[in-house]
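Numbering (our numbering), first residue to last: 42 to 84. Beta carbons are placed, not taken as given, at the ideal position from N, Cα and C, and that holds for glycine. In this text the structure is predicted, and so the values were computed from the model without any measurement.
In C-alpha cells:
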C-alpha cells in the first residue's frame, strides 16, 4: 500500500500494451474521382 494511504485501501491500476509489427511502406495514389461519398441524416 502507498505510504500516503491511511485508510488501508488497496489501490489497483491497469495497463494495456499493444505490440504491432512494422509494415513496409507502399507507394499508391488515391484518386478522389474514384471515391464515392454519401451523407445521410435522419429526423
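Close beta carbons around residue 82, own chain, < 8 angstroms, minus the five adjacent residues each side: Along the chain shown, one-based indexing puts residue 82 at 41. Here the set comprises nothing.
Does DSSP put residue 44 in a helix, in a strand, or in coil? Looking up residue 44 in the chain shown gives position 3. Note: residue 44 maps to coil in three-state DSSP.
Is DSSP giving residue 74 helix, strand or coil here? The sequence position of residue 74 within the chain shown is 33, counting from 1. DSSP places residue 74 in helix when its eight states are reduced to three.
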